[in-house]
Amino acid sequence: MLELRKVCKTFPGNVKALQQVDFNLKRGEVHALLGENGAGKTTLMNILFGLYKMDKGSIIIDGKKVKIHSPSNALKLGIGMVQQHFTLVPSFNAVENIALGLSVKDISKVAKRIDEISQRYGLTVNLWTPVWQLSVGERQRIEILKLLYSGARVIILDEPTAVLTPQESDSLFRAIRKMVHQGSSVIFISHKLKEVMDISDRVTVLKNGRNVGTLQRGEFDARKLANMMVGRDIALRTKKTLTNPGSVVLEVENLSSNNDRDLPCLFNVSLNVRSGEILGIAGVAGNGQKELSECITGLRVPTAGRILFSGTDITKASVSKRIQLGICYIPEDRKEVATCPNLSVGENLYMKSASSLWFSPRVVASHAEKLMKKYAIQAKDHETPVKLLSGGNLQKVVIARELESNPRLIVAEHPTRGLDVGSMEFVYKTLIQARDQGCAVLLIAGDLDEIFTLSDRVAVMYEGRIVGYTEPDASNLEKIGLMVAGAVSETKS
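Just so you know, the sequence shown maps onto residues 2 to 494 in the working numbering.
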């Protein structure tokens, strides 16, 4: 049905993103695309969707060579893509978003057609509610419906479950199976090996811009795929010993706060984290987790409540004071918040150690070389700007800088988002090691597998409130999923 042959793409600086890559897609199949950050997955799909122009190679559709110059050109050829960041107009409803750009005379006919498609594939959504009032899962369904309405036969899904609840992920997988059963084809990009194992008919692995293999169902397992991705064996199950947590390090009492638009977003949140334990905060992004972490680290002023650190009230303490007390922060946005993109690896590593704005080049170099070796940070040298690093190496810079300050509390916000399995393994081991050494860890993540892997206790946030606590046990997965979606609440701690 679709084939990419010998695709090459080089970016400025002689960065070879794709080297002689072959990829093909059959009618009525799910073909997963795996690879580390920088392996070339997104570049390959951006070429197929008309966002990038390849240097060499060809695209064959139904036996005919075609050229794809733009996304609109790709859609005319039956190729659509749902990216991680949706392209919907928030004030428009589903029908208006889908009809946008089309020559539509009768909106009711459009709505009827959309309703037929949604029923056929199980992609139910409220057609007349403004998008800003819908859940992330519903917004994603609109993006898929938009492609199906336009007649797309090939649908590219880029990390589609990254912001979904377990129930929404299950619903998406059912829809994907219905799509392929009726003749559509899906290219599924994901870092989550379990998902790939569940949904894929075939898997292609990219490494360093090359296709290192395509396997059919029955030929692959999680360990083999992980090895193909990173070139070594990966510990798919992180070992975590039982510990006896110590005294309370962080205590949050009835905390309330406003968001960036000065609207209430946290409502009487109370929690505590003890030394030697990881408290996981589960929930779909946008339910107050970011504001909670910023209140704790001093980046946001709460409107009510108290924050205690080892019994001392730090609600009004400065950021520098909290750092001195032993609070470290691993923000969600590692590119713009956690690091200074134009500064070097060495300068970013030395930031928390500097007593003034003047850096001694010799001291910075010595400090950087030590941490780059200890944390296996891969860069040309310590003078390399951090903006040139991969996501995994950039996160290593952040973690190295924060953990070298010997913190008593780590606030980690989505620490593995966008990372490949090799980088995730490093982050998991590092956080568990800190916990085993007596550090208190507050982990905020939307990935329940990550929450279950790392946490000793789990709290669930929904619409700015803690709606329940539970143990990180597989038997509680459905209950946590319902709490994440706001369907049930259970406030026992």
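Beta carbons: idealized from backbone N, C-alpha and C, even for Gly.
Determine the direct distance from the alpha carbon of residue j to that of residue i, and round the result to whole angstroms.
{"i": "ALA380", "j": "ASN394", "result": "8 Å"}
{"i": "GLU337", "j": "PHE50", "result": "28 Å"}
{"i": "VAL96", "j": "ILE156", "result": "20 Å"}
{"i": "LYS27", "j": "ASN47", "result": "19 Å"}
{"i": "VAL22", "j": "CYS9", "result": "7 Å"}
{"i": "VAL412", "j": "THR313", "result": "18 Å"}
{"i": "ASP263", "j": "PRO362", "result": "42 Å"}
{"i": "THR88", "j": "PHE427", "result": "33 Å"}
{"i": "ILE467", "j": "ILE328", "result": "22 Å"}
{"i": "LEU135", "j": "LYS317", "result": "36 Å"}
{"i": "GLU348", "j": "VAL105", "result": "55 Å"}
{"i": "MET229", "j": "SER424", "result": "15 Å"}
{"i": "GLN396", "j": "GLU117", "result": "45 Å"}
{"i": "GLY1", "j": "ILE297", "result": "This structure does not reach residue 1, given that the chain is present from 2 up to 494, and the question cannot be answered."}
{"i": "THR388", "j": "SER345", "result": "For the sequence presented, residue 388 should be read as Lys rather than Thr. Going by the C-alpha atoms only, they are around 8 Å apart."}
{"i": "ARG154", "j": "PRO72", "result": "14 Å"}
{"i": "TYR150", "j": "VAL90", "result": "17 Å"}
{"i": "PRO161", "j": "VAL364", "result": "44 Å"}
{"i": "SER170", "j": "ILE143", "result": "15 Å"}
{"i": "GLY36", "j": "LEU101", "result": "34 Å"}
{"i": "GLU403", "j": "TYR330", "result": "7 Å"}
{"i": "SER257", "j": "GLY247", "result": "27 Å"}
{"i": "PHE268", "j": "LYS291", "result": "14 Å"}
{"i": "LYS195", "j": "ARG218", "result": "13 Å"}
{"i": "TYR351", "j": "LYS371", "result": "11 Å"}
{"i": "THR130", "j": "ARG140", "result": "11 Å"}
{"i": "LEU128", "j": "PHE174", "result": "21 Å"}
{"i": "ASP1", "j": "HIS192", "result": "With the chain running from 2 to 494 in the structure shown, residue 1 is simply not present."}
Let me make sure I understand the geometry here. Which of the options has the alpha-carbon closest to that of residue i?
{"i": "LYS7", "options": "PHE87, THR43, ASN98, ARG211", "result": "ARG211"}
{"i": "SER311", "options": "SER294, ARG275, CYS296", "result": "ARG275"}
{"i": "VAL181", "options": "LEU194, SER201, GLN168", "result": "SER201"}
{"i": "TYR53", "options": "LYS68, ALA40, ILE62", "result": "LYS68"}
{"i": "ALA176", "options": "ARG301, GLU414, GLY214, TYR122", "result": "TYR122"}
{"i": "CYS341", "options": "ILE378, ASN15, THR385", "result": "THR385"}
{"i": "ARG409", "options": "LEU251, SER345, ASN209", "result": "LEU251"}
{"i": "ASN245", "options": "HIS415, GLN290, ASP457", "result": "ASP457"}
{"i": "GLN85", "options": "GLN20, ASN25, VAL164", "result": "VAL164"}
{"i": "ASP450", "options": "GLY284, PHE221, GLY465", "result": "GLY284"}
{"i": "ILE315", "options": "LEU173, GLY299, ALA305", "result": "GLY299"}
{"i": "PHE221", "options": "VAL231, THR205, ASN209", "result": "THR205"}
{"i": "GLN325", "options": "ILE308, THR125, SER406", "result": "SER406"}
{"i": "SER186", "options": "GLU196, GLY219, SER172, ILE145", "result": "ILE145"}
{"i": "ASN255", "options": "LEU272, GLY247, ALA223", "result": "LEU272"}
{"i": "GLY214", "options": "ALA33, CYS440, CYS266", "result": "ALA33"}
{"i": "ARG335", "options": "LEU390, GLU30, ASN74", "result": "LEU390"}
{"i": "PRO265", "options": "LEU432, ALA488, ALA112, PRO303", "result": "PRO303"}
{"i": "LEU76", "options": "SER59, SER92, GLU30, LEU103", "result": "LEU103"}
{"i": "LEU444", "options": "ASP261, ALA460, ARG307", "result": "ALA460"}
{"i": "THR44", "options": "SER119, MET82, LEU226, THR454", "result": "MET82"}
{"i": "LYS57", "options": "GLY41, GLY79, GLN20", "result": "GLN20"}
{"i": "LEU78", "options": "SER109, GLY152, GLN120, VAL31", "result": "GLY152"}
Identify the continuous alpha helix (DSSP H) that holds residue i and give its terminal residues.
{"i": "MET198", "result": "194-200"}
{"i": "THR431", "result": "422-437"}
{"i": "GLY482", "result": "478-485"}
{"i": "MET46", "result": "42-49"}
{"i": "GLU370", "result": "362-375"}
{"i": "PHE12", "result": "No alpha helix (DSSP H) contains PHE12, which is instead part of the beta strand (DSSP E) from 3-12."}
{"i": "GLU451", "result": "449-455"}
{"i": "SER311", "result": "It is not in any alpha helix (DSSP H) - SER311 carries neither H nor E in the DSSP assignment."}
{"i": "ALA401", "result": "392-404"}
{"i": "GLU252", "result": "Element bounds for GLU252: not the alpha helix (DSSP H) but the beta strand (DSSP E), 249-259."}
{"i": "GLU337", "result": "That residue, GLU337, is in no alpha helix (DSSP H); it is neither H nor E in DSSP."}
{"i": "ALA153", "result": "ALA153 -> no alpha helix (DSSP H), and no H or E assigned at all."}
Less than 8 Å between the CB atoms is what I'm expecting for residue i and residue j, so what's the real figure, rounded?
{"i": "ARG436", "j": "ILE279", "result": "5 Å"}
{"i": "HIS383", "j": "ALA369", "result": "4 Å"}
{"i": "GLN168", "j": "GLY447", "result": "With a Cβ gap of about 14 Å, GLN168 and GLY447 do not count as contacting."}
{"i": "GLY184", "j": "GLY465", "result": "No, GLY184 and GLY465 are not in contact; Cβ-Cβ is about 44 Å, not under 8 Å."}
Between which two residues does the beta strand (DSSP E) containing residue i stretch?
{"i": "ARG323", "result": "From DSSP, ARG323 is part of no beta strand (DSSP E) but of the alpha helix (DSSP H) over 320-326."}
{"i": "ASP23", "result": "16-26"}
{"i": "PRO72", "result": "No beta strand (DSSP E) holds PRO72; the alpha helix (DSSP H) holding it covers 72-77."}
{"i": "GLU384", "result": "Here GLU384 belongs to no beta strand (DSSP E), and DSSP marks it neither H nor E."}
{"i": "ALA460", "result": "458-463"}
{"i": "ILE467", "result": "466-471"}
{"i": "LYS66", "result": "65-67"}
{"i": "ALA33", "result": "31-36"}
{"i": "SER59", "result": "57-62"}
- Message: Ignoring anything shorter than 4 residues, give me the alpha helix (DSSP H) runs that lie fully in the segment 160-225, in order along the chain.
- Response: 167-182, 194-200
- Query: Residue ranges of each beta strand (DSSP E) run of no fewer than 3 residues wholly in the segment 262-308, ordered along the chain?
  - Reply: 265-275, 279-283
- Secondary structure, alpha helix (DSSP H): runs of 4+ residues fully inside the segment 77-103: 95-100
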